[in-house]
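Read through the structure below, which is laid out as structure tokens, and then see the notes.
Chains as they are written, first to last, in our numbering: chain U, 25 to 553; chain B, 25 to 553.
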């Protein structure tokens, strides 16, 4: 499949603008060959109008049809997989094995949402039948289900060119919900995005989806995204990226005449608490596991362990030595882009300069460019509490070990943190049981709590929460991963006294889709008698 | 029960401030006897801290315990019912039958949430068990359920002193979720609020709830509310009131260091479309039903039909005459407050002055004070489309009839409207079937669509959606009425690889609460084997 470099305004490719840009190969610091044309304001406007026109016919497509569309995206992606993963590598410097994992995850997500649509329970249908002879006053027949919000704008993530971008979790959950999607292509992997967009468009056409159900708009700056978020016909936004970026979008959305929901997943330092009991027997193993988690994909995961907390003493001191050794055995690799690399280098230098911070280990790699130097640093709990700069996310293969005087100080640090995606505790079960305060403090701050494990490797399954209190996400009431992420793009809608014939299938008396419904307060697949 | 006029800082009554205010009896335009003391900034801060301290122990209370608390509130309210409804009348001028209905609704809501807690399914527990031998990599055990957000601030509604105020839907759904509640008492019915607060506090004490689970703070201006919404320990806000008020709160919440969700139900003009088929046979009946809906409780319902749309012609002309006659047979009554009455009078005069607006009927009542004059006006569709002032909510017994040239114009008007709580269509079933465009246009704008009925009389049942696209509510993804309104105050939380003993009962293998769970993607009450 050929990278066209053009925008997709629905099914049509368009490149009316004069501004072009290229992507870069971080492995050799050269521009990739393809030229991408930025979408003009007119093209953006045309795409949104097309999405708005597609909304109604797309909403009316059956769940099975939408599922077919999603499964056809998989088929199209698989056709171009090899080429796609090559481009992915050229634009991200992420390894082929990592690309394979992310491709599999993307496919898995598509299938999971297709299955959700085929089963149909997700609309949370609820039926309260009429009570005409109620003593106070007759009760009307009322029936409720989820309906889609309308066109959704999705901003892809720099660190997940597939699974959190063009055909990633936000796009696919919105499409599954019945919302047309407008992707603002990430400029760092516009080629990957272009190929994925072509696959989605082919699938939409072969599945009989309305033109406008999907558009892909390119831009190297902030203009295209800002226009999309402010467009009156856009009804929601999904974003994965930095706190500044997320907050700016939330502010744009709030200032609209009609404010719209923005779900932004923004970042996290994912505290890992290592308790003494674990270090008695498994110090080396945990050092090794954490080192891998810190450095995987050059530490460019939003769930990377950014701080590791322990109680001062010989056990923790030994663990720090182990961790340093394990980290220094890992060969650092190129980061996603030179600006990401230079931001990372600057952040680690800044942290290293702070009073009371010492270096556990640091390792570069002169055989590659744009390398994310592996860095582990150490600080006392007291110093950490007093210096807010140390609690920032450092995007890259870095972790800050915090040596606490005692459990009280550790607790104080957990209480001082902002909202996080995850929190982990490494301990023996008995010790965990004796630390209710620690569990409570952690639970308040995070969306997912892990026992004896690392936070990276976010499983795609219904029980996953990928989100958390601000600023981990802009709205802790939703998850960005798993089938329930669809809830971000739907609203409950009630039909009162509505004629059977005109009700959606999900709410008809005879339950033609055989879905689970709340029928007069009972969960059942029964028909209404 | 004695009206103390004091604030409740948890279980303690406090009146440290120097600013006092009184409520007014709109029926005779005199001040009621009781003096209320505004909460000082220190009292507000103390109440929030107490709520924050109560959060953890309250969250840990079992569902059955919380249900007992809610059912004890009912017992306490019933003890003081007669006195309470007298005060309610003295502060609102709402009739005794209306007071009885609202009391019953309040009780019904408390029982509905108690039942929800006793059953326990509402936490949406989801379990994905471990797959240790998965070829790619082992899968961890992950389990998810809803947990409460934290202390919630509730602003009561002027027009529902019971069902949407101190112990109303917002407070009770938040308490059911496990969130301590801080009520900013509505200054127009501070006495009613004081009695209800005493009932809640008594119930909290007799049910063994932690001090701080509920506080009631008084203020006649905006200061107390603004401080509450900006307080860092507050985690969410529920509001029912005007668009200006709601937007101000949303803005306050967005500007916080940690933005928090605000669910504001703000208002609606609830379009009612009357199609010719209904007017052939039932013109008089619908005129009568609509007249009652427009004027009930002096038109002070957020679901009052504010605009009535029809197609010009002899049938619609006759209907307008019938509507005018029916309205003029109704005796207007006092409104909630003299400022509400004067705002209403000003709004109706403003509408009457607009070019192209004519009066269908107008009726005052010189035997009472603060009367909401019943007003019905008429305007052509073209004029309505050109004059944005006509699309505003007029809070009171007013409706604007819009005579459209044809269905296209009617459709144009629906498309021009902002978000609404409800939309109604009055027609025969056959005609409705032939109007898919009309249904689609209406559905896009509203949260609930009614066939052959009026929007007032919001049923408390699981299938109810009370909410809608902005500005009907600040977030269309939630309902303010019915058990699912609890979703506003919870977030999903995942436990990964967590020890059985330390999991909440809802997520334990043996399912001790026998709740419905999603177990490896299947909905079941089964234990985990």
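Backbone N, C-alpha and C define an ideal beta-carbon position, used for all residues, glycine too.
| Item | Value |
| --- | --- |
| For residue 65 (chain B) and residue 380 (chain B), the rounded distance between their alpha carbons | 50 Å |
| Cα-Cα separation, residue 336 (chain U) to residue 526 (chain B) | 26 Å |
| Per DSSP, cross-strand counterpart(s) of residue 205 (chain U) | U:176, U:238 |
| For residue 341 (chain B) and residue 450 (chain B), the rounded distance between their alpha carbons | 16 Å |
| Identified DSSP bridge partners for residue 520 (chain U) | U:166, B:474 |
| Nearest-angstrom beta carbon gap, residue 425 (chain B) and residue 402 (chain B) [assumed within contact, 8 Å] | 5 Å |
| Chain-order list of residues whose beta-carbon lies under 8 Å from that of residue 169 (chain U) (same chain, five-residue window excluded) | 147, 148, 149, 150, 516, 517, 528, 530, 531 |
| Collapsed DSSP secondary structure at residue 441 (chain B) in the structure displayed | coil |
| Bridge partners - residue 425 (chain U), DSSP secondary structure assignment | U:332, U:402 |
| Span of the beta strand (DSSP E) around residue 264 (chain U) | 260 to 264 |
| The segment 282 to 297 of chain B: positions lying closer than 7 Å to chain U by Cβ | 282, 283, 285 |
| Limits of the unbroken alpha helix (DSSP H) element including residue 227 (chain U) | 214 to 230 |
| Bridge-paired residues (DSSP) for residue 541 (chain U) | U:548 |
| Beta carbon of residue 144 (chain U) nearer than 8 Å to that of residue 172 (chain U) | no |
| Given 8 Å, three or more beta-carbon pairs between the segment 119 to 137 of chain B and the segment 257 to 266 of chain B | no |
| Near-chain B residues of the segment 153 to 169 of chain U - C-beta to any C-beta below 8 Å | 160, 161, 163, 164, 166, 167, 168 |
| Per-residue burial, residue 26 (chain U) [other beta carbons within 10 Å of its own, 16 or more giving buried] | exposed |
| C-alpha gap between residue 283 (chain B) and residue 277 (chain B), whole angstroms | 5 Å |
| Closer than 8 Å at the beta carbon, the chain U residues around residue 151 (chain B) | 487 |
| Residue-level contact to chain B via CB, residue 471 (chain U), 8 Å cutoff | yes |
| Where residue 516 (chain U) meets chain B, residues with beta-carbon distance less than 8 Å | 471, 489, 491, 501, 502, 503, 508 |
| Straight-line Cα distance separating residue 118 (chain B) from residue 51 (chain B) | 9 Å |
| Chain B within 8 Å of residue 263 (chain U), Cβ atoms only | no |
| Alpha carbon of residue 539 (chain U) to alpha carbon of residue 503 (chain B), nearest angstrom | 22 Å |
| Chain-ordered chain U contacts of residue 457 (chain B) [CB-CB under 8 Å] | 523, 525, 526 |
| Classification of residue 524 (chain B) by the beta-carbon crowding that lies within 10 angstroms, buried from 16 upward | exposed |
| DSSP three-state assignment for residue 280 (chain B), whether helix, strand or coil | coil |
| Beta-ladder partner(s) of residue 31 (chain U), from DSSP | U:38 |
| Extent of the continuous beta strand (DSSP E) to which residue 289 (chain B) belongs | 286 to 289 |
| 7 Å CB neighbourhood of residue 354 (chain B) in its chain, flanking five on each side removed | 315, 319, 398 |
| Closest by C-alpha distance to residue 271 (chain U), when choosing among U:367, U:94, U:495 | U:495 |
| DSSP three-state assignment for residue 387 (chain U), whether helix, strand or coil | strand |
| Supposed close pair residue 492 (chain U), residue 445 (chain U) - CB separation, criterion 8 Å | 5 Å |
| Interface flag, residue 413 (chain B) vs chain U, CB-CB below 8 Å | no |
| Secondary structure, alpha helix (DSSP H): runs of 4+ residues fully inside the segment 56 to 110 of chain U | 65 to 84, 87 to 103 |
| Nearest to residue 442 (chain B) (by Cα), restricted to the options B:521, B:307, B:290, B:373 | B:290 |
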